[in-house]
Structures are given as C-alpha cells and as structure tokens.
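**Student:** Protein chains in written order, with my numbering: chain A, 80 to 469; chain B, 80 to 469.
In this text, a Cβ means the ideal position worked out from N, Cα and C, and glycines have one as well.
A quick note: this is a predicted structure, and the numbers were derived from the prediction, not measured.
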C-alpha cells in the first residue's frame, strides 16, 4: 500500500534553552498539522525520535504527547542514534501500511544544550563502541570521523581544502535558510584557519550541537488523496545496521550500512542511476568527510572520486546533483533525533517547490533522496521520496 | 495480513552480572531461533526493546546485533517505558504486515543491576513526570503505586491482605517456573510482615530489579504456515498513551491508557466477554495493586471488585481466569524492556501447552491476553494471541 507524506514541520534550529523539549516538539507538530490541514485528533499513531541523555526526562514521549494533546494515540520512542528521525518515519509508514492507522505522525526532538558541550561530546563518544573505543582509547565522535578522513585522504589524495568546500557549500545554503542554526557564509580560508578539533578535522568541519524539532505526517493512499493535491510518496526505504566497532568494518573508506541501505532503497524504487533519477539529496554531513563518503556510498561518484564532486562544485544547484540545499547538518544544525525528519522536511518542501529563492532546486524527475546515518555507521536509513505514486 | 509468533525465547531472569547486555540478548535470540527452527540469516528486521540508563552503552542495538550476528538487518531501539517489549512486538508485526520483511525479530533486554538499587529507584522515579512529580515531590515508583493503592483501598475497602494474595499467587507460580527470579512460595503472613517500602506497599508487594532478556519471532502467514504447525497468531493489539502526571488523570482507580488499549484490542479481536473468551492472561503486576487494577481495566471484574478476585483466588488455574501463570513480574522478575516479551513467551508456550506440570492452564478457547503497562500508565499495550488465524 502506498504511503504519502502529507505534512511537514520544524522549528528554527539553534541554541534554544527557552523552550522545554515538549514545547519544541509541539511547535514542529503544530507546523506539520497546519501543513497537512488536519487536526491532532486525526492522528492515529505517534513515533517519537529522541536520543536523549541530555534531558532529565527519562520517558519523554508521554510528556510530548500530553503537551501536544496527542493522547491517547501515542506509540513509542524510537532510537537509531543520529538516524532516529528516519527510524520514526519508517515506523510511522509501517503503522499506515500495516493498516493499524490511516494517519501517523513521526516527531523528532532534542534539547542538547541542556548539557555542557564537553558532556555532550562525552555522551556521543560513548556511542561508537563504549567498551572498545570510548573507554579503552578515549575516542570521541570528531575523532571517529577524523580516522575516516585520514584514511580517505591517504588513500585517494583528497586535501583538507576539499573537505572545506563541503562546509562552504553547506553554509552557503544555510545562509538562505531561515530555519538554519548558522546563516552566515564562510570561505575555504575560514575553514582552513579554524582550530583543529581532531586532526585533520577542524571546527568548521563539524556539525554543531543543536536544540530543535521536526515532524512529518504520513497517510494512506486513500486518505492522502482526499487531503492534499501534493502528496509526496515514500517510494522506498532501506534500513541497515553494521558493527559498532570500527575495527570490525571491512574498511574505513565507506559506511557499509549506508551502501546496504542505499542498495535496498534503489532496488525497491527501481533506480539504476541515482544522479539521473534524483533532483536532489539530503545527506548526513555530521562532518565534512561524511558528505564526501556519502557521495560514493550513494553512487553519486565512483569510489575514490567523491572529493572531486566537492572540488568541482558539482553538488551545488546547477551541478550534477544538488546536495544539502538546506545547509545540511553542518549549517542547519544537528539535533540528533530530529535531523532525519528535518531532512524529510527539506526534501518534501523542495519536491513541492516551496523553497526560498536561491536554494530551490529544479524539480524535473520528481524524486529526492534522504540519507541518514546513526553512530559511525551503526545504522543507516535511505529514503526515496517521489511525486509519482509508487 | 495475518502475522504469527513462530518462536519465543528467554533467559533465566534474576541478578546476572556475569553476562553483558549483548550476551543476555543473544541467549534469548538463540532460544527463539531454535524454537522457530530458523537461522539468524532468515530475520529481515530487528526491533530492540531497551529502556537503558543503567548501562554504559549509549546505543545498545548495534552491539546486540553485532554480537548476535544480525547485521545488516537491524532496525531500531524502541522504548515505551516498562511496555517497551510490547512496543517492539508491535513494530515487528508492523514490519511484517507492511510487507517490509517476511520475518521480524523483537528482542528485549536489560541489565539493571549494573547500577545500585538506589540509583535504579532514582532513574525509574524520574519516569513518572520528572518535573512535577520526581523533582518537586520526590516521588519514586513504589510511591506512585502506593498512591494508587491508598486511593483504591479507601474507595473500595480492599485490605493489605488482599494485595498480599496477589504476591502469594505469583510466587506460587514462580516456584514452578525454572526461568523465574524467585522460585520460593510465600504466605500472606510473609507479605504482611515484610518491611514497608512506601506505605501501604511492602517489600513483597513490589517486583524486583532484574537482569534478563526475551525474544519473539513473528512471520507472515505464508512463511508461518511453511515453518510451523503451531503458529500463535497476533490477533489484535491495542496501543495507548496517557498523561505522565498523575494529577492530570481523571482518577487514580484505573489506568486510563490500559482501558483504552484493552478496548481497542477487544474491538479488533471481536471479544465481548474477556473472561469467557480467554484461557489466561499475563498482566503487568509491577506492584500487587497494579494486578488488581488490571483485573478491572481489562474487564475481568467490575469496577471496585478486582480485589475480590484476589480474595477469592479466582485468578489461579481453576478460577474464572488464570493470571500470571509464570509468576508475573512479581516473582518471575521485571527487566523492564524485556518484560513484555517475557509475557509473550509465556502466553505462546501456554497456548502451545508446553508448560511445566502444575502451571499449564487448560487451553479451551485458544486465546490469551498480554497486558503491558509503561510508567504509571503513560503507555499501555494489550495484545491478544490466538491459535485461530484472524
């Protein structure tokens, strides 16, 4: 059974301690309900993406549902590390496809600044492999991705300047996105002169710590066709997991779970050549190197040539495939549980051509891809959205 | 599309710090795979129920999938407080019903003794409503349920002795269950003379802190009919949420979410009179009062008369409906994320008549109910299992 996204919503991302977690979630839900033209009573199931750990609330979904008036039709909290938002979307779609409900709501929210930066870095650091990597070697998340960057640069000859071009592009689009945490353009020189966080990654190679929420409402074919003229269909989803330990991976030049999830999604959607089939992609640029590796894992570039897309500016609008037209995690911000749904928000708005001037991609094929990675590739979710009913 | 449970597994519940979380999960998974007669490669999706907070692992699913050899077909962690196990089952069923996969695995595991008892009590206490109840009034979980017990006893005239009879029954069945944490019979006098934890609840009114894991494998009709002669069908599930705040509830004499979830499940399953339609029930007896309230919320007794079922021993085998033939959370143990799946384990084994002598209920209608509550009724999941295909 076909399932469509009929409404999306999100808060402005940034440092926001003025709003409690349920307030952030509510703002995104309200925005999505308005976008879908339905009321909260129409929602039959709620999946809530939240990694937590920074918040005092131990069971956040009930507080969110209570505040947003969604009782008694809640559901569960879902966590797939930084891919939690896509996991919530997957469950919401399954709830509709299985016939459990006609309309389901996926919410993602995070209030990360409740903790200090160092405490957030420690908590996320545990998310590699606690025992073998964090406790034994003291690895943090920038350090995990620094290992990938070093391996990639050594193997293929990419430079720190190539990585910097990802940050420059994403800040460029962030500068035009009123919901982005950073709305300031930067230069390659700004990136290269920023301080090292974990060599070769510098401050501007890293996504920030963010408070924010995003939501998507999905509906069955029957209901979607009644409610909207612009349904955006969830054409395919690929879901995969991989070892937490980096030492258990086959190599550091690729995210195995992302390759697997993309393969699943492309097969289901009948996509042979993604660059020729997609109008744009939102990819998981938690660090600049992650976006370059994503180009290869998703088949936008051949293995070892992803950095050339960055160098040649082929992932700007006008290039072979626009990527992260919302500023990406890098500039839009990365409230971990909300990030996957914020990507869905951007993909849906792009396909509907409702984006601000300057960052609306041309929509010719009517298809967009969302690539959402959890941990260092522990999880990967790849979603294909389409204007054409599957 | 009909979905059947084709295999179940669980560890012996108890205090078990000799096994890490992935080892506990693996033992339950291995048991379930053996029971289903399939191999891990046949599993297409994994939902992992885990509340966590006591463990150092921040993202436990990848570690569990890696250890159990389930990559790359993992999925997500799900949390619905102490109803997480049922939430994982719900998602596994939806993954099959939606056509995402033919065979899905729900796992629940918890290693609660990693923290001290007082730290566990503090963490769970936050699970009421952190801001309004835990931080402001210092309520812990026994205290929440003590409020319900006091209200119930005042309103209906139930005694501490009536509550004690629940503990005695559940220890009686626990004494015959080799997987139970406590395998010792107790008397009403033992309960009444145990120390107060939160008046009127005493030590023996409370479920223990437990390490353990449970798993269930579900399959599509087509696959189930090939793999087993004894499929146990998931006939209906009801899912509901309610305000976290006790002060926001209509009364303290009932768990609103459980009434809602039971209503949904009964409607879907076409059950008018549960006592006449079910062979047995597994209910969420985190405290003795919770089992008595469950009798009323589930329609086994009229409102205000649940304690009479306890007093008259009507929920033993031979009574009007056997309840918690495995010892319940009280005696079998309550590793929170695993508990819902351990109830499914018991219901499936009972329906298949594979239970030890003395605690096998007569199976005449071929239907069992599982009632799994999260928090103080933040969540409720009610599942109807049946030998008859829906």
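Just to make sure I have the definition right: I need the residues of chain A whose C-beta is within less than 7 angstroms of the C-beta of residue 202 of chain B. Which are they?
**Tutor:** 137
**Student:** To test your reading of the DSSP string, which unbroken alpha helix (DSSP H) runs of 4 or more residues are found completely within the segment 292–361 of chain B?
**Tutor:** 300–306, 335–348 and 353–356
**Student:** Taking 6 angstroms as the limit between beta carbons, can you name the residues of its chain near residue 375 of chain B, skipping five residues before and five after?
**Tutor:** The residues are 382 and 385.
**Student:** Ignore the nearest five residues each way along the sequence and tell me which others in residue 199 of chain B's own chain have a CB closer than 6 angstroms to its CB.
**Tutor:** 191 and 288
**Student:** Where does residue 290 of chain A fall in DSSP's three states?
**Tutor:** strand
**Student:** How is residue 213 of chain A classed by DSSP in three states: helix, strand or coil?
**Tutor:** helix
**Student:** Do residue 262 of chain B and residue 412 of chain B come within 8 angstroms of each other at the CB atom, strictly closer than that value?
**Tutor:** No, the pair does not count as a contact, with Cβ atoms beyond the cut-off.
**Student:** For residue 195 of chain A and chain B, any beta-carbon pair shorter than 8 angstroms?
**Tutor:** no
**Student:** Out of B:322, B:346 and B:344, which one is the CA nearest neighbour of residue 335 of chain B?
**Tutor:** B:322
**Student:** Starting from residue 204 of chain A, trace the alpha helix (DSSP H) in both directions and tell me its first and last residue.
**Tutor:** 196–204
**Student:** Short check: CB of residue 126 of chain B to CB of residue 154 of chain B, under 8 angstroms?
**Tutor:** yes
**Student:** From the DSSP output, read off the bridge partner residues of residue 156 of chain B.
**Tutor:** A:158 and B:127
**Student:** Which class does residue 273 of chain B belong to by DSSP, given the choice of helix, strand or coil?
**Tutor:** For residue 273 of chain B, the three-state secondary structure derived from DSSP is coil.
**Student:** What would DSSP say about residue 429 of chain A, mapped onto helix, strand or coil?
**Tutor:** helix
**Student:** Which value, in whole angstroms, describes the spacing of the CA atoms of residue 441 of chain B and residue 348 of chain B?
**Tutor:** 21 angstroms
**Student:** Can you confirm whether residue 457 of chain B, when its beta carbon is compared against all beta carbons of chain A, has any partner nearer than 8 angstroms?
**Tutor:** So yes, residue 457 of chain B belongs to the interface.
**Student:** Quick one: Cα of residue 443 of chain B to Cα of residue 393 of chain B, how far?
**Tutor:** 17 angstroms
**Student:** Which word fits residue 310 of chain A, buried or exposed, when buried means at least 16 other C-beta atoms lie within 10 angstroms of its C-beta?
**Tutor:** With 16 or more other Cβ atoms within 10 Å, it is buried.
**Student:** Take the Cβ of residue 329 of chain B as the centre, count every other Cβ of all protein chains shown within 10 Å, and call the residue buried at 16 or more, exposed below.
**Tutor:** Burial call: exposed.
**Student:** Between the segment 401–420 of chain A and the segment 238–256 of chain A, do at least 3 Cβ pairs fall closer than 8 angstroms?
**Tutor:** yes
**Student:** Helix, strand or coil for residue 365 of chain A per DSSP?
**Tutor:** coil
**Student:** Going by beta-carbon coordinates alone, are residue 463 of chain A and residue 303 of chain A separated by less than 8 angstroms?
**Tutor:** Not a contact, by the Cβ cut-off of 8 angstroms.
**Student:** Determine the DSSP secondary structure at residue 120 of chain B, reduced to helix, strand or coil.
**Tutor:** helix
**Student:** Check this for me: beta carbons of residue 128 of chain A and residue 163 of chain A, under 8 angstroms apart or not?
**Tutor:** yes
**Student:** When you compare the CB of residue 177 of chain A with every CB in chain D, is at least one pair closer than 8 angstroms?
**Tutor:** No chain D appears in the structure shown, which is made up of the protein chains A and B.
**Student:** At a CB distance below 9 angstroms, what residues from the segment 208–234 of chain B approach chain A? Give them in sequence order.
**Tutor:** Listed by position, the residues of the segment 208–234 of chain B near chain A (Cβ gap below 9 angstroms) are 208, 209, 210, 213 and 214.
**Student:** Please state the DSSP three-state secondary structure of residue 420 of chain A.
**Tutor:** Residue 420 of chain A falls in the helix class under three-state DSSP.
**Student:** Check each candidate in A:145, A:152, A:305 and A:387 and name the one with the smallest Cα separation from residue 235 of chain A.
**Tutor:** A:387
**Student:** For my contact list, residue 421 of chain B and residue 337 of chain B are in at a C-beta cut-off of 8 angstroms; report their separation, rounded to the angstrom.
**Tutor:** Incorrect: roughly 18 angstroms between the Cβ atoms, too far for contact.
**Student:** Ends of the beta strand (DSSP E) at residue 84 of chain A?
**Tutor:** 82–89
**Student:** Taking any Cβ of chain A, which residues in the segment 136–158 of chain B have a Cβ under 8 angstroms from it, in chain order?
**Tutor:** 136, 137, 138, 140, 141, 142, 144, 145, 149, 150, 151, 152, 153, 154, 155, 156, 157 and 158
**Student:** Let me confirm a value: residue 100 of chain A is counted as buried when at least 16 other C-beta atoms fall within 10 Å, else exposed. Which label applies?
**Tutor:** buried
**Student:** Any beta-carbon of chain B closer than 8 angstroms to the one on residue 255 of chain A?
**Tutor:** no
**Student:** Find out if the Cβ-Cβ distance for the pair residue 293 of chain A, residue 116 of chain A is shorter than 8 angstroms.
**Tutor:** Their beta carbons are not under 8 angstroms apart, which means residue 293 of chain A does not touch residue 116 of chain A by this criterion.
**Student:** Beta-carbon of residue 320 of chain B versus every beta-carbon of chain A: anything under 8 angstroms?
**Tutor:** yes
**Student:** Nearest to residue 466 of chain B by alpha carbon, out of B:426, B:134, B:238 and B:403?
**Tutor:** B:426
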